[in-house]
Structure formats: structure tokens, C-alpha cells
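Colleague: Chains A, B and C are the protein sequences, given in the same order.
Mind the numbering: the first sequence is residues 109 to 371 in this note's numbering, read in order.
Mind the numbering: the second sequence is residues 109 to 371 in this note's numbering, read in order.
Mind the numbering: the third sequence is residues 109 to 371 in this note's numbering, read in order.
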Amino acid sequence: MFEAKLTSASIMKKIIDSIKELVTDAPFDCSEQAMCLQAMDSSHVALVSLKMEVGLFDTYRCDRTINLGLSLASMAKALKCANNEDTCEIKYDDNDGDTVTFTFCDTKRDRTQDVTVKMMDIDVEHLGIPDQDYAVVLEMPVTEFKKTCSDLFMFSETINITATKGAVVFTSKGDSGSSVITYTPSKDVDSSEHVTLDVKEPVNVNFSTKYLLQFTKASALSDRVKIALTNDTPIVIEYGLNDNGHLRFYLAPKIDDEENNMD
Amino acid sequence: MFEAKLTSASIMKKIIDSIKELVTDAPFDCSEQAMCLQAMDSSHVALVSLKMEVGLFDTYRCDRTINLGLSLASMAKALKCANNEDTCEIKYDDNDGDTVTFTFCDTKRDRTQDVTVKMMDIDVEHLGIPDQDYAVVLEMPVTEFKKTCSDLFMFSETINITATKGAVVFTSKGDSGSSVITYTPSKDVDSSEHVTLDVKEPVNVNFSTKYLLQFTKASALSDRVKIALTNDTPIVIEYGLNDNGHLRFYLAPKIDDEENNMD
Amino acid sequence: MFEAKLTSASIMKKIIDSIKELVTDAPFDCSEQAMCLQAMDSSHVALVSLKMEVGLFDTYRCDRTINLGLSLASMAKALKCANNEDTCEIKYDDNDGDTVTFTFCDTKRDRTQDVTVKMMDIDVEHLGIPDQDYAVVLEMPVTEFKKTCSDLFMFSETINITATKGAVVFTSKGDSGSSVITYTPSKDVDSSEHVTLDVKEPVNVNFSTKYLLQFTKASALSDRVKIALTNDTPIVIEYGLNDNGHLRFYLAPKIDDEENNMD
């Protein structure tokens, strides 16, 4: 028996909406500690890593470690039925066989909605993500990162990120023009819009603009995004889940000449 | 001579927008008491019945009973010209021949707009709708009914409605999942969002989800919707017009095995 | 060296968005007094005339008269990167060769964005627009003019405008119906929504509805629009730029029988 209840369906909605275009079928690993998901996108370039810790849930019961394989399209359809203020209960009963039930309750309106979703067999490939120290850690408002990616997407498919102690610079060069966006670390760190930049070593890396832009669909989850960078290493883009987990995206760098110009 | 003036064009706009996708050409029956319309949809499954009583109008003059045949697309075009706060006068002069004129006035802006629409010959088929007592009468906020129909439309083309004294249940079953929505009658009937349920006999009927969803386009007309049900009988969905008439939709039930399972 | 800075990028955005569908490539004439643009639309029926006077800019430096040829699509792309509250600096350095740089600054967020746009060779055809007195000058809220054009566009491709001392009348006649919009000069000229009408001679002219509607894309630039009319003469539609210039559209009248009916 797995039974977990969220005070608000909206967080689950936002998570699924963030990743459903990257990942089609998702194996949710449910344990006593957390509900987790790790999946590569279909082109095996990006990795999604979700961790919803017990603390995120209102009530949580997981008798034994199980894996719930669900189509994200079906989950999105189920969650579309929930109002944002509805509670959301996720339930799997070993006796019920191959379905997961989402129950949305709106006590104010005397309404209960059960949506039953068929489970599916999904090959689980566990990817060991090495813990590592990153050369640069950048934190900024999600709106800024989203705007940067969508602005630069107009100019080129490749985004170059260089970070030094003084500034982080996002560059994109196309045939009809180019764009350079520079952020300097904020003096006023009390502002909710401040940018922080922690540089151990300078970094100069290129990424696919399309993927970075795709990841910013998670902007609804959090006010701020954390970006970790090291030369020749996948970028990590992390959106926090109310201090009880995270949604992380990993993306391998683009290899080309520019990358080797520095450091 | 027929001449009727509404304080606000918005109610006429909302009515036409509610039905223009169901009915293309509409014969408006104008009498001393009311401006009425009865029309089947093109597939002859649903019936639209509109009654705009004299009290709905600011001024109303109808010298003799006449039938004004109008294309709803042309009427919608005319009404698109009206601001919601504009007054709306509908005028037919026997001497003018085959046109109806809509006049929109915005005295605040010193603007008058006349839109002239050509009339058309429409075969009028009067359908006697028998007055009858219904086994179940349900009343709920229009937003709730709309959400129920659009949620269930994601799962199946058929919606099952069962009502007992304790609850009304809307169910929809598809290949990839299913959804069950349960409303219990509200305790707090003072709330504008309350649900009332009057059950003489339990009911279990199936309807086309697509049509029910289509009818909810009338949700702009009223805060609440009244739904009347009897087994093996068309459902009636009624939106009130400020206590001076109504827009009603009738839809025959879908006949299949499930329907006969219950009394 | 040309260097001009606007306090807010939004005015430049609005100007380019107003004209980018009429004109593809624009030769900007920069002089000590103003940044100007004159261009015919591709079908050579309409003329766009833009004048941005020095007073519109925060800082302005133009060492010698130059012509900057820019693709409006590229400019629109550059300006899409600017937030409305960003400052906008336009810079051309003779030493840099063939590019213009737009710099957007958002000091609140410690962000600077440089967008570089390639210049292009554009044939400049200077059109002498004769200064002339018009028979009718009409001033109205931009929202009213926009609504008039879009309403009448539903009925016909031709709009007829007749103006007499008492009223200005816009008429459009189609197969399925017709619409007549009448404005009388406002008594309350203090109202921001008033209509003023100055008639030396009555006017009766026809124009392409599509073009008039196209011009109303400039409605974001100003609260009011000034329209000047003379029989057999292009209409002038002027949107002011904070008392420091204007965006004007000229459109030749449609020649047909109706035009000659009146003095």
C-alpha cells in the first residue's frame, strides 16, 4: 500500500507540467523517505531527477519500496482535473492490481474527484550521478533565467556561459545579430531579485539553448534557480520544492572549438 | 413593427455566443409577451429553447406576432460591434422589407452604430415539449458544471450521471483511465457555491459528453444552472435570464446497457 | 558616432511593432535634430513617416548626418529582449563597420543586455510630402478609431467616411449586412474620450479598411489619434510621441463611383 497526500494539488501539477515534454513514461520510486523519479529524455541528452521528500506531504505511508510506472501524459490529464486548492491524494493498493488513483477534494464545494490511471511497465535504468564540487554556483530569480534563455533562443541554438569572479555572461551569436547578457553579483542580497555568484574557478561552456529553455518550464515551482557549472561537465539546474526536495535537470555541454579557449 | 431595446447588449451577445455553434439559422418568434426561439441542432440530437420575456427589455413593442429568421453568424457579427455597456435596440419595420437593424448606443462616447442584417427564410418546425415532473432536479454553480463536463470529456465521449438522495455522481471511463466526480448536497445553502439536489426517484442515465460541454458555453448568462433528469428522458439544462426568461438545452440520453442497470 | 538613449525601451518597441508588418526594411535618417524614417509599404499604397525628435531621448549625440538601414524584423527581435522599464541605448560607431548595437539596462536587477544587429543597404527614396490644409480634422480616442476599423472590417473591404459640421460617419456595406457608425462632436471636451471635429468643407471619401486597421497597431503609442481628410487626397493618421515627434500614416483614397457623389 502506498498512500500520500499533498495539501495542494498545484505542486504536483507544476512538477508534471515541467517535465512531461522531456520524459514520456516515468518510473516513480516510492520508499519510506521519498517519492523519487530519475529519467533521461528521449534523445538521452538530458536527465531529470526529482525528489519529493516525506516532509512535502501532508500524510505519507509506504509499506514497502515500490516502483509505480506511469505515463506522464495520463498523469497530466488526471492533474488537469484538480483545482489548485484541491488536496491531492495518490494511492496504490497492491490488491487493486495495475492502477494508481488520484483523489482531489474540494471540501468547500462538497466535491470529490477520483481519477484512476493505468500503470505501465517501464524499464528502470538507474544512473549514478556522482556527487561533486562545481567550479561555479550561480543563483538567480527564475524569471531572469527564463528570460535569458528565451531571449538568446532568438539568436542561436547554442548558448555560451562564461563565469568569472566579477560576472556571469550569457552569449548567443546568430547570422542576423547577436546578444550578450551580463549579470554582476548583487550588492543588495536582501532583494528577492538578487543574483549570487560563487566562483572557485572560471568557467566557459556551451549548451543547447533549446534544452535550457525547456528546463525553465519548472519556473513555477520556485522563486529562485540554482545553476552549477564546471568545464567539460554537465550543467545542473535545480528548482527547490519548499525545502523538502528538488527537481534537477542535468545537461551535457556542447563540444566545439569555443569551449577550449579558456582556462 | 417590432422594436425592442435592451439596457445592455451583453446579454444578447452571451445568448448568441452560447448557441451559434449548435444552431446556424434561427427563427425568432416575436409576440406581445416574449421573443422566443426553438431550434434543433443540425444533427437533431439537441434542442435549444430560448425565452426572452418582455420584462427583460427596457422598451418593447410588437404590433403583431412575427417570425424573424436570422443567421446566427450574422447576428454574432453584428453583436461583436457592441460594447458590453452599449444599449441594444432590435428593430424590424414591415416597410423596410427583409432586414433587421441592431442599433448600439454609447451616449458616453457620442457614438451610435447601426448594423443591418438581412433576414432569411427558415422552415419553422414547432416542437411540443411536454411539461413534466422530473425524478431529479439538481442545481449547482455554472463553473462546477462546466468543470465537470470538461474534465470528463478528457476520458470518454459518454458521461454517466447517477443521482440518489445522498449524492450525484458523474462518471467517465476511458482506455487510459477514468474519472468519478461526486457532489453531496451542501449543508451551507447560503453559500453562492452550494449544490442542491432534489431526488424523487434515483436516476442512472448516460449522455454525450461533447453536447453537455457544448451547452456550458451558456455559463456566462447566469451564476447557477438547473439540471432536470428522469430515466429514459431527455436531460434539461436551464440557464436563467435575470428572472425574465431562460435558455434551455434538451438532450436525449444515450441508449446502452449501463442505462438499464438501475431503477 | 551616433548614440541615443531612451529612458524606456517601451516606446521604441511600440513604434517598431506598429510598422513592422507594413515596412520590412527601414532607412533611419539620423541628424542633429531627430531620428526619422520614411518608407512606403511593399505595395506602395501607404506611407509611414516617423519623427523622433531629440527631446524624446534622454541623451542624444549625432556627429554627422547618417542613414542607418535596419531590418525591422531584426530590430523587433532585439527589442523583444528589453523589459519595458529597461533603458534603451542605440549606438552606431563608424569604426565598428556595419552593425548597430542596442543596449538594455535594468540597474535594479544588475543586468545589461547588448544586442548587435547587422545593418543593410536600403535604397532611400525621399518622398516630398506637401504641407497642406485639410478640409476636415478629426481627433478621437485611439480605442474608438481602432474599434471602428475592426468593426467595419467585418462587413466590407472598403470604408466610407463622410464628415459634415454635425457629424462624422463611417460606413461599410457587405453582402450579409452593413454597419454605420456615427460620431457627433463631444459637448464635454474635458472628457479624455471626447471627439473633436473641425470641418472647413464636407468630405466624402473611401479607403481600404485593411490598411486603416493595420495603422491602428500604433494605438499603444498615444491616447488620441488625429485624422486629416480632404476629398481626392490621401488621409493622414497621426499618433503623437509625447510632444516630441509623431508616427504618421498616409493612405491614398479608393477611387470609385461613390466618391464623386458629393462636393
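Positions of the beta carbon are idealized from the N, C-alpha and C atoms, including for glycine.
1. Taking the beta carbon of residue 204 of chain C as the centre, do at least 16 other beta carbons fall within 10 Å, making it buried, or is it exposed?
2. Which first and last residues belong to the alpha helix (DSSP H) in which residue 321 of chain C is found?
3. Given residue 222 of chain C, which residues of its chain have a CB within under 7 Å of its CB, disregarding the five upstream and five downstream residues?
4. Can you tell me which of the three DSSP states residue 363 of chain C falls into?
5. If you measure between the beta carbons of residue 315 of chain C and residue 357 of chain C, is that distance less than 7 Å?
6. So the alpha helix (DSSP H) residue 124 of chain A belongs to, where does it begin and stop?
7. Would you say residue 116 of chain C reaches chain A, if we count a Cβ-Cβ gap shorter than 7 Å as a contact?
8. Would you kindly report the start and end of the unbroken alpha helix (DSSP H) that includes residue 261 of chain B?
9. Using 7 Å as the threshold, is the C-beta distance between residue 112 of chain A and residue 180 of chain A below it?
10. Could you tell me whether the region 265-282 of chain B touches the region 299-315 of chain B, where touching means 3 or more Cβ pairs closer than 8 Å?
11. With a Cβ-Cβ cutoff of 7 Å, do residue 289 of chain A and residue 256 of chain A count as a contact?
12. Is the region 338-347 of chain A touching the region 142-156 of chain B, taking contact as three or more C-beta pairs under 8 Å?
13. What residues in its chain sit with their C-beta under 7 Å from that of residue 362 of chain A, if we drop five residues either side in the sequence?
14. For the region 278-301 of chain C, which residues have a CB atom closer than 7 Å to at least one CB atom of chain B, in sequence order?
15. So residue 280 of chain C is in the alpha helix (DSSP H); what residue range does that whole segment cover?
16. Under the three-state reduction of DSSP, which class applies to residue 285 of chain C: helix, strand or coil?
17. Buried or exposed: where does residue 114 of chain B fall if 16 or more other Cβ atoms within 10 Å of its Cβ makes it buried?
18. To the nearest angstrom, report how far apart residue 292 of chain A and residue 194 of chain B are at their CA atoms.
19. Could you run through the region 258-277 of chain C and flag, in chain order, every residue whose CB is less than 7 Å away from some CB of chain B?
20. List the residues of chain A that residue 224 of chain C touches, going by C-beta distances under 7 Å, in chain order.
21. Determine the contact status of residue 126 of chain A and residue 325 of chain A, defining contact as a CB-CB distance below 7 Å.
22. Under 7 Å Cβ-Cβ, which residues of chain A neighbour residue 303 of chain B?
23. Can you tell me whether DSSP reads residue 339 of chain B as helix, strand or coil?
24. Within 10 angstroms of the Cβ of residue 121 of chain B, are there 16 or more other Cβ atoms? Answer buried if so, exposed if not.
25. Using a threshold of 7 Å, state whether the C-beta atoms of residue 336 of chain C and residue 245 of chain C are closer than that.
26. Going along chain B in order, which residues have a C-beta closer than 8 Å to the C-beta of residue 188 of chain A?
27. Of the residues that make up the region 143-158 of chain C, which ones have a beta carbon closer than 9 Å to any beta carbon in chain A?
28. Hey, would you say residue 174 of chain A sits closer than 7 Å to residue 138 of chain A, going by beta carbons?
29. I'd like the list of long-range same chain contacts for residue 355 of chain A, defined as Cβ closer than 7 Å, with 5 residues on each side in sequence excluded.
30. For residue 154 of chain A, report the span of its beta strand (DSSP E) as first-last.
31. In whole angstroms, what is the alpha-carbon distance linking residue 147 of chain A and residue 269 of chain A?
32. Keeping to the same chain, check which residues put their C-beta closer than 7 Å to that of residue 353 of chain B; ignore five residues upstream and five downstream.
33. Relative to the C-alpha of residue 334 of chain A, which candidate in A:309, A:250, A:301 has its C-alpha closest?
34. How is residue 143 of chain B classed by DSSP in three states: helix, strand or coil?
35. Run the CB neighbour count on residue 198 of chain B, radius 10 Å, all protein chains shown included, and call it buried at 16 or more, exposed below.
36. What first and last residue would you give for the alpha helix (DSSP H) that runs through residue 180 of chain B?
Modeller: In this structure, then:
1. exposed
2. 317-323
3. 209, 211
4. coil
5. no
6. 118-127
7. no
8. 250-261
9. no
10. yes
11. yes
12. no
13. 266, 314, 315, 316
14. 284, 285, 286, 287, 288, 289, 290, 291, 292, 294, 301
15. No alpha helix (DSSP H) holds residue 280 of chain C; the beta strand (DSSP E) holding it covers 276-281.
16. strand
17. buried
18. 53 Å
19. 259, 262
20. 285, 286
21. yes
22. 218
23. coil
24. buried
25. yes
26. 259, 262
27. none
28. yes
29. 123, 126, 158, 326, 329, 347, 349
30. 154-161
31. 25 Å
32. 142, 159, 160, 161, 164
33. A:250
34. strand
35. buried
36. 180-188
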